[in-house]
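Chemist: Before I ask anything, here is the structure I am working with.
Residue numbers (our numbering), protein chains in the order written: chain A, 18 to 205; chain B, 18 to 205.
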C-alpha cells in the first residue's frame, strides 16, 4: 500500500476505502474487487491496483483501518452519542461477513506481525476516542467513573464483539444501555 | 468420539480430557498427543486412540467441552465465587496457546457446523450456570438485577475474551470487579 501526502491522492484513497467498506457491509468480502471498488469510488481501476495490488490488502485495510469512522467526533450528551456509536458497531458486526472477517483478522494477528500491528493501532484509536469522550462527559458532570481507558473499551466493545461472534445473537438497545450503565454513574 | 454409559469408561474418558486440558494449558496444543495424554491420564495409548482417532478431535473436545469445569457448583456469597471463576477463565485465556485456540475454534465454527454446535452447547452451559448462580444470589438478596441470562454472559465473559484475544492484555482483579458491578446492584 502506498501512502501519499498529496491531498487529492489522500481524498481518492479515502474514497476507495469508504467504497470497499460499503461493499463489504452490503455484499460481503467477495464484493470487494478492484473493479467494484473503482466503480463505487469513481476512480480508475488502475488507481485501486496501484494502492492495493491484491484485493486482500484492501480488505485488510478496510477491516483494520486505524482511521475507522466509529467513535469519531463525540457530541454531548455523551451517553446518547456512545449509544449511537455502539449501535452502529453492533449493526456492522451483525453482518455475518463482517463478523467472520473480524475473527479472521483477530486470528491472523497471532502469526502475522503486520496484522497484529494494525489491530493494535485500530484498538488504540478506538480506546483513545472512547476515553476522550468519557473524560469530557466526566468534566461536564454527565458521568462519574474512574475506569481506565482500556477497561472502558473492554466493557463497552467486548460484549458486543462476543455477542456477534460467539453468541451469534442480536445486540439489543437494552444491552447497549446496560453496557453504558456499567462503566460508571450517569447523571443523564 | 464414542460416548459410553459404563461408569468406568466414563471416568477414564474424563481423566483423558482433564489430562489433555492440563497439557494444553501447560505446554500448548503441540503437547496434546495420544502418547502424552495416555501417560498423563494413566491409560493405555490404545484407549486414547479409540476415543479420538485424531489428536485434533481431542483438542476440539477439550476446548469446546460442554462439561467444562468453569462456573460449576456456585457458592454463596455468589460475588466471591463469580470473581474466582472469572479469574480462572482469564488466567486460562492468558496462556497464548489457549487464546489462539479459542479464536481458531470461534473462526472454525463459521464454516464447520459440528464446531458451531459444540460452541453453542458450551455457551449454553456457561450461560445456564452463571444465570443459576446470579438468580440464587438475587433470591438471597445479595444482588438486584433484571439482566437476561445471555446478557449476563456477554457482560461478564465478553470483556475477558476481548481483553485476552484482541487487546492482548492482562485482566486485572479490578476489571473483574467492575464487570461484576456492571450486572446489577450488589449488597455484598
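The C-beta atom is built at its ideal place from N, Cα and C for all residues, glycine as well.
In angstroms, rounded to a whole number, what distance separates the CA positions of residue 161(B) and residue 159(A)?
Modeler: Translated into positions along the second chain, residue 161(B) becomes position 144. Translated into positions along the first chain, residue 159(A) becomes position 142. For residue 161(B) and residue 159(A), the distance between alpha carbons rounds to 24 Å.
Chemist: Quick one: is residue 68(B) buried, meaning 16 or more other Cβ sit within 10 Å of its Cβ, or exposed?
Modeler: The residue labelled residue 68(B) in the question sits at position 51 within the second chain. Flag for residue 68(B) reads buried.
Chemist: Short of 7 Å Cβ to Cβ, which residues in the stretch 177-194 of chain B face chain A?
Modeler: Those would be 178, 179, 180, 182, 183, 184, 186 and 192, in chain order.
Chemist: Under 7 Å between C-beta atoms, does residue 168(B) make it to chain A?
Modeler: Stepping through the second chain from its first residue, residue 168(B) is reached at position 151. It does; some Cβ of chain A falls within 7 Å.
Chemist: Counting only Cβ-Cβ distances shorter than 9 Å, please list the residues of the stretch 124-145 of chain A near chain B, keeping chain order.
Modeler: Hits within the stretch, in order: 124, 126, 127, 128, 133, 136, 137, 140 and 144.
Chemist: If you draw a straight line from the C-alpha of residue 64(B) to the C-alpha of residue 133(B), how long is it?
Modeler: Counting from 1 along the second chain, the entry for residue 64(B) is found at position 47. Counting from 1 along the second chain, the entry for residue 133(B) is found at position 116. Rounded to whole angstroms, residue 64(B) to residue 133(B) spans 27 Å at the Cα level.
Chemist: Using a beta-carbon distance below 7 Å, is residue 94(A) in contact with chain B?
Modeler: What you label residue 94(A) is simply residue 77 of the first chain in a count that begins at 1. Closer than 7 Å: no.
Chemist: Tell me, which residues are paired with residue 142(B) by DSSP?
Modeler: The residue labelled residue 142(B) in the question sits at position 125 within the second chain. DSSP output for residue 142(B) lists no bridge partner at all.
Chemist: Identify each residue in the stretch 148-175 of chain A for which the Cβ-Cβ distance to at least one residue of chain B is less than 8 Å, and report them in chain order.
Modeler: Per Cβ criterion, the list reads 164, 167, 168, 170, 171, 172, 174 and 175.
Chemist: Determine the DSSP secondary structure at residue 109(A), reduced to helix, strand or coil.
Modeler: In the first chain, counting from the first residue as 1, residue 109(A) sits at position 92. Three-state result, residue 109(A): helix.
Chemist: Go through its chain and collect everything with a Cβ distance to residue 96(B)'s Cβ below 8 Å, but skip five positions before and after it.
Modeler: Here residue 96(B) is taken as the residue at index 79 of the second chain, counted from 1. So the list reads 154, 159, 160, 197, 203 and 205, once near-sequence residues are dropped.
Chemist: Just by C-beta distance, which residues in the stretch 113-124 of chain B are closer than 7 Å to chain A?
Modeler: The stretch 113-124 of chain B vs chain A, Cβ under 7 Å: 117, 120, 121, 123 and 124.
Chemist: Is DSSP giving residue 202(B) helix, strand or coil here?
Modeler: In the second chain, the residue the question calls residue 202(B) occupies position 185. DSSP places residue 202(B) in strand when its eight states are reduced to three.
Chemist: Using 7 Å as the limit for Cβ to Cβ distance, is residue 199(A) near chain B?
Modeler: Here the question's residue 199(A) lines up with position 182 in the first chain. Cβ-Cβ to chain B under 7 Å: yes for residue 199(A).
Chemist: Tell whether a beta-carbon distance below 7 Å holds between residue 117(B) and residue 127(A).
Modeler: Locating residue 117(B) in the second chain gives position 100, counting from the first residue. Locating residue 127(A) in the first chain gives position 110, counting from the first residue. Result yes, Cβ atoms of residue 117(B) and residue 127(A) sit closer than 7 Å.
Chemist: Pair every Cβ in the stretch 43-62 of chain B with every Cβ in the stretch 93-110 of chain B, then say whether three or more of these pairs are closer than 8 Å.
Modeler: Not touching, per the Cβ criterion.
Chemist: Let me confirm a value: residue 47(B) is counted as buried when at least 16 other C-beta atoms fall within 10 Å, else exposed. Which label applies?
Modeler: As a working mapping, residue 47(B) is identified with position 30 in the second chain. Flag for residue 47(B) reads exposed.
Chemist: Please report the straight-line C-alpha distance between residue 87(B) and residue 199(B), rounded to a whole angstrom.
Modeler: Looking up residue 87(B) in the second chain gives position 70. Looking up residue 199(B) in the second chain gives position 182. Each residue's Cα considered, the two are about 20 Å apart.
Chemist: Name, please, each residue of chain B whose Cβ falls closer than 7 Å to the Cβ of residue 76(A).
Modeler: Position 59 of the first chain, counting from 1, holds the residue named residue 76(A). Chain B residues near residue 76(A): none, gap ~16 Å exceeds 7 Å.
Chemist: Going by alpha carbons, who is nearest to residue 188(A) out of 189(B), 169(B), 185(B) and 73(B)?
Modeler: Indexing the first chain from 1 puts residue 188(A) at position 171. Cα-wise, what sits closest to residue 188(A) is 169(B).
Chemist: Could you check the C-alpha separation between residue 83(A) and residue 195(B) for me, to the nearest Å?
Modeler: The residue given as residue 83(A) occupies position 66 in the first chain. The residue given as residue 195(B) occupies position 178 in the second chain. Annotation note: pLDDT 46 at residue 83(A) (below 50); position unreliable, no value reported.
Chemist: So what's residue 151(B) in DSSP terms, helix, strand or just coil?
Modeler: By 1-based counting over the second chain, the position of residue 151(B) is 134. Note: residue 151(B) maps to helix in three-state DSSP.
Chemist: Say whether chain A places a C-beta atom closer than 7 Å to the C-beta of residue 83(B).
Modeler: Numbered from its first residue, the second chain carries residue 83(B) at position 66. Only weak support is given to the placement of residue 83(B): the predicted model assigns it a pLDDT of 47, under 50, and the value that follows is read from those uncertain coordinates. No, because no Cβ of chain A sits closer than 7 Å to the Cβ of residue 83(B).
Chemist: Taking the alpha helix (DSSP H) that residue 74(B) belongs to, which residues open and close that run?
Modeler: Here the question's residue 74(B) lines up with position 57 in the second chain. First-last of the alpha helix (DSSP H) with residue 74(B): 72-80.
Chemist: In this structure, does DSSP put residue 160(B) in helix, strand or coil?
Modeler: Position 143 of the second chain, counting from 1, holds the residue named residue 160(B). Strand.
Chemist: What did DSSP end up calling residue 183(B) once you bin it into helix, strand or coil?
Modeler: Taking the first residue of the second chain as 1, we reach residue 183(B) at position 166. Coil.
Chemist: Residue 190(B) to residue 144(B), Cα distance in whole Å?
Modeler: Indexing the second chain from 1 puts residue 190(B) at position 173. Indexing the second chain from 1 puts residue 144(B) at position 127. Computed Cα separation, rounded: 21 Å.
Chemist: By alpha-carbon positions, which one of 142(A), 178(A) and 183(A) ends up nearest to residue 90(A)?
Modeler: Reading the first chain from its first residue, position 73 is the one you call residue 90(A). When only C-alpha atoms are compared, the closest one is 142(A).
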